[in-house]
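As numbered in the UniProt record's numbering, residues 1 to 254 make up the sequence shown, in order.
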Amino acid sequence: MSFGDSNNPYGQPPQQPPGQPGQPGQGPGYGYPQQEQAGYGYPQQAPQGVPQQGQDPYGYPQHGQQQPYGAYPQQPGTLQANNGYINVPGLGTVEVATMGRRLGARLIDGVAVGVIVGIIMAVGLAGAVGVVKDCDPASVDYSSCVNDASAGFVTVMFTWLAVIAGFTLLYEWLMVSLVGATFGKMAVGLRVVKESTGGNPGLGAGFIRYIIPMVGAFLCYIGALLVYLSPFFDNSGKLQGWHDRAAGTLVVKK
Numbered sequence: 001m002s003f004g005d006s007n008n009p010y011g012q013p014p015q016q017p018p019g020q021p022g023q024p025g026q027g028p029g030y031g032y033p034q035q036e037q038a039g040y041g042y043p044q045q046a047p048q049g050v051p052q053q054g055q056d057p058y059g060y061p062q063h064g065q066q067q068p069y070g071a072y073p074q075q076p077g078t079l080q081a082n083n084g085y086i087n088v089p090g091l092g093t094v095e096v097a098t099m100g101r102r103l104g105a106r107l108i109d110g111v112a113v114g115v116i117v118g119i120i121m122a123v124g125l126a127g128a129v130g131v132v133k134d135c136d137p138a139s140v141d142y143s144s145c146v147n148d149a150s151a152g153f154v155t156v157m158f159t160w161l162a163v164i165a166g167f168t169l170l171y172e173w174l175m176v177s178l179v180g181a182t183f184g185k186m187a188v189g190l191r192v193v194k195e196s197t198g199g200n201p202g203l204g205a206g207f208i209r210y211i212i213p214m215v216g217a218f219l220c221y222i223g224a225l226l227v228y229l230s231p232f233f234d235n236s237g238k239l240q241g242w243h244d245r246a247a248g249t250l251v252v253k254k
């Protein structure tokens, strides 16, 4: 009795020829299931969460790649591609102040403070001269009066010099410490910030930043000039002067 085709004496079902296209479960040529592998003309999709080639698993750019500013976290004070931008905590990416702007701010402050100091000196000089005029040349005690007046003149002048020094101290120190900028820096759009926090420097850092150039001013003002020009010597790209490094501050654009 025949259970299959008359041409198949053993009753087994006919086998499909290997490598026939369109047959499920069979690959080309050998009848094995075909695996989709990359490199044989079949696209392979990477599982979710696995970084692609050229991509860091933590989101940082690989060598030779560029990321837009703020696209990934950076350490405080990190320069971005040495292009004048820096990452500051609390502020994000900000631009470091150029020396041209800083010089402009210094000139504006110098003019403003100079006008006020000139008024104070004029008032002090007038008071000192008035002391000398009180002496009567026809008086017997004229010489003693002149000596006393001279001593009074010196006292008045030193008093007004102390007032001038106190005014410049309070102006530079308190404005930078509490506001982050003098009127000159405000005019050109600059701000002094604490490098570690991005906030105002505070009284301690502001005083350190002020006193270092003032100590240098005792050497015919050459020391102060070197301090103000010291950002040119900063090879870190942050344009920090010696007073900024000591105080831990940065001068940035608003």
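Idealized CB from N, CA, C, for every residue including glycine.
Note that the structure is a prediction, hence the values are computed from the model and not measured.
query, result
"Beta-carbon proximity check, valine 88 vs lysine 238, cutoff 8 angstroms", "no"
"Enclosing alpha helix (DSSP H) for lysine 185 [first to last residue]", "183-188"
"Every unbroken alpha helix (DSSP H) inside the UniProt domain \"RDD\" (96-248) [4 residues or more]", "99-133, 142-174, 183-188, 202-216, 222-229 and 242-247"
"Sequence-distant residues of the same chain with beta carbon closer than 6 angstroms to alanine 224, five excluded per side", "Pro213, Gly216 and Ala217"
"Assigned exposure category for lysine 251 - 16 Cβ within 10 Å defines buried", "As written in the sequence, residue 251 is valine, which differs from the lysine given in the question. Label assigned to valine 251: buried."
"Asparagine 235 burial status per 10 Å Cβ neighbour count (16 or more: buried)", "exposed"
"Reduced DSSP category for glycine 92 - H, G, I as helix; E, B as strand; rest coil", "strand"
"Distance between cysteine 220 and leucine 190 (C-alpha atoms, nearest Å)", "28 angstroms"
"Lysine 253 (DSSP reduced to helix, strand or coil)", "strand"
"Nearest to glycine 199 (by Cα), restricted to the options Ala187, Ser177 and Gly114", "Ser177"
"Beta-carbon spacing of isoleucine 108, glycine 184 below 8 angstroms", "yes"
"Counted within 10 angstroms of its Cβ, other Cβ atoms place threonine 159 as buried (16 or more) or exposed", "exposed"
"Cut-off 6 angstroms between Cβ atoms - residues of its own chain near phenylalanine 207, not counting five sequence neighbours on either side", "Trp173"
"Aspartate 244 versus Lys253, Lys254 and Tyr228, residue with shortest Cα-Cα distance", "Tyr228"
"Same chain only: Cβ atoms within 8 angstroms of lysine 253, ignoring 5 sequence neighbours per side", "Val94, Glu95, Val96, Ala97, Arg101, Gly189, Leu190 and Arg191"
"Nearest-angstrom Cα separation, counted from serine 144 out to residue 258", "No answer is possible for residue 258: the residues shown for the chain start at 1 and end at 254."
"CB contact check: phenylalanine 233 to chain B, cutoff 8 angstroms", "Structure shown: chain B not included; a single protein chain is present."
"Chain-order list of residues whose beta-carbon lies under 8 angstroms from that of isoleucine 120 (same chain, five-residue window excluded)", "Trp160, Val163, Ile164 and Phe167"
"Closest residue to alanine 105 among Ser196, Val156 and Met186 (Cα-Cα distance)", "Met186"
"Residue nearest to threonine 197 in terms of C-alpha spacing, selected from Ala247, Phe233 and Asp141", "Ala247"
"Isoleucine 116 burial status per 10 Å Cβ neighbour count (16 or more: buried)", "exposed"
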